[in-house]
Amino acid sequence: MLFAFLLFHSGFSQEEEESTEKEQPQQSKEVDSIAQTVEGEGVTFEEVTKQRNINPLAPSKAAFYSAVLPGLGQIYNKRYWKAPIVWGAIGTGIYVYSYNNTQYRSARSAFKRRLAGFEDDEFWDLNGDGSGPDVSTEALQEAQENTQRDRDLALVITIALYALNIIDANVDSHLKQYNVSDDLAVDFNPYLDINPFTNKPNYGMAMVIKF
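full-length UniProt numbering applies: residue 1 is where the sequence shown begins, and numbers increase by one.
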């Protein structure tokens with residue numbers, strides 16, 4: 001009984017070793033085949049690894065971060081130099097909007113008091129000589145219209161910059177994951193061809209794209 005058990009165990013171990021030896025050559029053949037294919041196409045293993053590390057959610061994350069806080073998506077993409085530009089552009093737009101909105105409210109308030117018959121607005125006696133008005137009612141109306149126009153324009157530009165900040169973060173994250181080859185080139189080559197029927201030369205320009 002013991003002899004039969006040892007004989008069975010020995011046979012089973014031998015079968016395992018044979019199956020393992022068979023699998024190893026197959027795996028090495030597969031690796032060699034992949035290596036030959038990659039080398040034949042002129043692609044390195046580092047580039048293949050880079051392609052496998054593509055994160056499809058990265059563009060969405062970058063766009064979301066820029067929507068929550070402008071410039072944060074650029075920091076997420078490691079484009080740190082873009083963040084101050086975003087902050088400066090949007091901050092300037094907000095400042096111009098706020099300034100024109102303040103001026104608009106002041107001119108509108110004074111204009112409404114003038115129409116109501118009051119003579120105590122901030123533009124009535126600017127030089128302090130006790131006589132006025134130093135700024136006419138027509139000038140207040142014009143100032144009101146100009147500051148309102150500038151305020152609305154600043155608002156539109158600021159919203160556009162905010163949207164551009166989100167688009168930039170999303171597109172930049174997409175482009176970072178593209179494997180752009182150094183061999184990619186576009187060239188224009190002139191050519192000369194002889195027409196076999198008329199025996200006249202044909203001149204032209206060819207665009208050559210190299211991948």
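All C-beta atoms, glycine included, are put in the ideal place defined by N, C-alpha and C.
Do residue i and residue j have their CB atoms nearer than 8 Å?
{"i": "F111", "j": "Q144", "result": "yes"}
{"i": "P70", "j": "N170", "result": "no"}
Alpha carbon to alpha carbon, how far is residue j from residue i? Give it in angstroms, no decimals.
{"i": "T158", "j": "G93", "result": "5 Å"}
{"i": "F123", "j": "V156", "result": "29 Å"}
{"i": "A62", "j": "Y104", "result": "37 Å"}
{"i": "G128", "j": "S106", "result": "19 Å"}
{"i": "L164", "j": "K78", "result": "18 Å"}
{"i": "Y65", "j": "N146", "result": "36 Å"}
{"i": "L72", "j": "E142", "result": "41 Å"}
{"i": "A116", "j": "T137", "result": "12 Å"}
{"i": "I54", "j": "P190", "result": "40 Å"}
{"i": "L140", "j": "K176", "result": "53 Å"}
{"i": "R114", "j": "Q148", "result": "19 Å"}
{"i": "A160", "j": "D120", "result": "40 Å"}
{"i": "A89", "j": "P56", "result": "29 Å"}
{"i": "W81", "j": "Y99", "result": "28 Å"}
{"i": "D168", "j": "G91", "result": "17 Å"}
{"i": "Y95", "j": "I85", "result": "15 Å"}
Which residues mark the beginning and the end of the alpha helix (DSSP H) in which residue i is found?
{"i": "A173", "result": "For clarity, residue 173 is Ser in the given sequence; the question names Ala instead. Unbroken alpha helix (DSSP H) run through S173: 137-176."}
{"i": "F64", "result": "58-68"}
{"i": "Y80", "result": "Counting along the chain, Y80 falls outside any alpha helix (DSSP H), and DSSP gives it neither H nor E."}
Whose C-beta lies closer than 7 Å to the C-beta of residue i among residues of the same chain, with five residues either side of it excluded?
{"i": "I75", "result": "A83"}
{"i": "R108", "result": "Q144"}
{"i": "Y97", "result": "R151, A154, L155, T158"}
{"i": "S173", "result": "A58, P59, A62, N77"}
Kindly list the residues whose CB is nearer than 6 Å to the CB of residue i, restricted to its own chain and excluding five residues on each side of it in sequence; keep chain order.
{"i": "A67", "result": "I166"}
{"i": "W87", "result": "G71"}
{"i": "N101", "result": "R151"}
{"i": "L126", "result": "D134"}
{"i": "S131", "result": "none"}
Please work out which residues of its chain come closer than 8 Å, Cβ to Cβ, to residue i, disregarding the five sequence neighbours upstream and downstream, and give them in chain order.
{"i": "Y162", "result": "P70, I90"}
{"i": "E39", "result": "Confidence is the limiting factor: at E39 the pLDDT is only 47, short of 50, which leaves the residue's position unreliable and the question unanswerable from this model."}
Please give the ranges of any alpha helix (DSSP H) in the segment 97-124, keeping only runs that are unbroken, at least 4 residues long and fully inside the region. none
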